[in-house]
Amino acid sequence: MYRNMVLSRRLEETISKIYFEGKTPVFNMANGPIPGEMHLSNGQEPVAVGVCAHLTAEDIVTATHRPHHQAIAKGVDLDAMVAEIFGKATGLSGGRGGHMHLFDPKVNFACSGIIAQGLGPAVGAALSRKLRGLPGVAVAFLGDGAANQGAFHEAMNLAAVWKLPFVCVIEDNSWGISVPKSASTAVARNDVRAAAYGIPGHYVAGNDPLAIYEVAGEAIARARAGAGPTLIECETYRLAGHFMGDAEGYRPKGEKEALFAADPIPKMRARLLAEFGFSEDELVAAEGAAADRVAAAIRFARDSADPRPEDALTAVFA
Numbered sequence: 034m035y036r037n038m039v040l041s042r043r044l045e046e047t048i049s050k051i052y053f054e055g056k057t058p059v060f061n062m063a064n065g066p067i068p069g070e071m072h073l074s075n076g077q078e079p080v081a082v083g084v085c086a087h088l089t090a091e092d093i094v095t096a097t098h099r100p101h102h103q104a105i106a107k108g109v110d111l112d113a114m115v116a117e118i119f120g121k122a123t124g125l126s127g128g129r130g131g132h133m134h135l136f137d138p139k140v141n142f143a144c145s146g147i148i149a150q151g152l153g154p155a156v157g158a159a160l161s162r163k164l165r166g167l168p169g170v171a172v173a174f175l176g177d178g179a180a181n182q183g184a185f186h187e188a189m190n191l192a193a194v195w196k197l198p199f200v201c202v203i204e205d206n207s208w209g210i211s212v213p214k215s216a217s218t219a220v221a222r223n224d225v226r227a228a229a230y231g232i233p234g235h236y237v238a239g240n241d242p243l244a245i246y247e248v249a250g251e252a253i254a255r256a257r258a259g260a261g262p263t264l265i266e267c268e269t270y271r272l273a274g275h276f277m278g279d280a281e282g283y284r285p286k287g288e289k290e291a292l293f294a295a296d297p298i299p300k301m302r303a304r305l306l307a308e309f310g311f312s313e314d315e316l317v318a319a320e321g322a323a324a325d326r327v328a329a330a331i332r333f334a335r336d337s338a339d340p341r342p343e344d345a346l347t348a349v350f351a
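Shown next, in the form of structure tokens:
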């Protein structure tokens, strides 16, 4: 779990530097080696690793427009993932999708830039597993703002009616773009909404990967046993803006400083040393390995060929 947290953070720190190449002095998101919008998940790593530590390649994950931590925790091929972010032919989808549309069928991972879009496919995947008698649990990650979409309620209702092997994980970072949760959501915690569907609801405070791991383990085991879905909301922190270039003028004064003081990676590191008997050398080695792995993936992406213009109409439904 710590390795994946560090790997995700290192990747995003590197991407945040490369992203602005060619986009200055006048910002144009189409320019540079990484075109398009960029949404970083730094600070939200505990949710991904705490849940995905229980999953295998046969389990299904759908994620959001902020997907890097979840893709890494699910085991998505890092070279192909970074190449996709760079829009290269060696990417997961040949450079067609970019960072908000990562798709790796080898580990059953997909994400989308459409808010709450992953819920329907995840519930459908869970239904297919149940009808066909196949193993596998479907997990849909979404933001707290997505819990106000109609797709959320429809998916949760059907998953509950059919007792599907499905887990809904809401990453509550307190913001829907620039709108605070308190201004958009009638309840302070979305786990209470589980009662409307007659299923268990859990809230995990503190952005704690080990606490998330425990709650997610129970929910996933329950789904595997045929007992139906669970709704989990996890308190987490969005250390960056909604997207790269976000001025974040909507943040209350002092909020970001407080969040960085509670950064989950240094906290996890301290616990590994104090509570779990890991040595400084072991952690330094893991951190170095993450840096090397990211550097190799970046080199692979930069060195990869651009998509051929004549392939623009391939893999397109007509």
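Throughout, my numbering is defined as the position within the sequence shown, counted from one, plus 33.
Ideal Cβ placement from N, Cα and C applies to all residues, glycine included.
Note that the coordinates shown come from a computational prediction; the quantities given were computed from them, not determined experimentally.
Which of the three DSSP states, helix, strand or coil, is assigned to residue 296?
coil
How about residue 95 and residue 166: do their beta carbons lie closer than 7 Å?
no
Just the C-alpha distance for residue 314 and residue 43, rounded to the nearest angstrom, thanks.
18 Å
If contacts are defined as beta-carbon pairs under 8 Å, then residue 118 and residue 132 qualify, I think. What distance do you get, rounded to the angstrom?
4 Å
Is there a C-beta anywhere in chain D that falls below 7 Å from the one on residue 231?
Of the protein chains in this structure there is only one, and it is not chain D.
So residue 202 and residue 265 are supposed to be a Cβ contact under 8 Å. How far apart are they, rounded?
5 Å
Environment of residue 75 [buried if 16+ CB atoms lie within 10 Å]
buried
Going by DSSP, name the residue or residues bridged to residue 212.
209
With a cut-off of 8 Å, do at least 3 Cβ pairs link the stretch 176-196 to the stretch 112-131?
no
Between the beta-carbon of residue 156 and the beta-carbon of residue 104, is there less than 7 Å?
no
How would you call residue 335, buried or exposed, if buried means at least 16 neighbouring beta carbons within 10 angstroms?
exposed
Terminal residues of the continuous beta strand (DSSP E) containing residue 172?
171-176
Through-space distance from residue 82 to residue 246, alpha-carbon basis:
8 Å
Meets three-Cβ-pair contact criterion under 8 Å: the stretch 239-253 and the stretch 48-57
no
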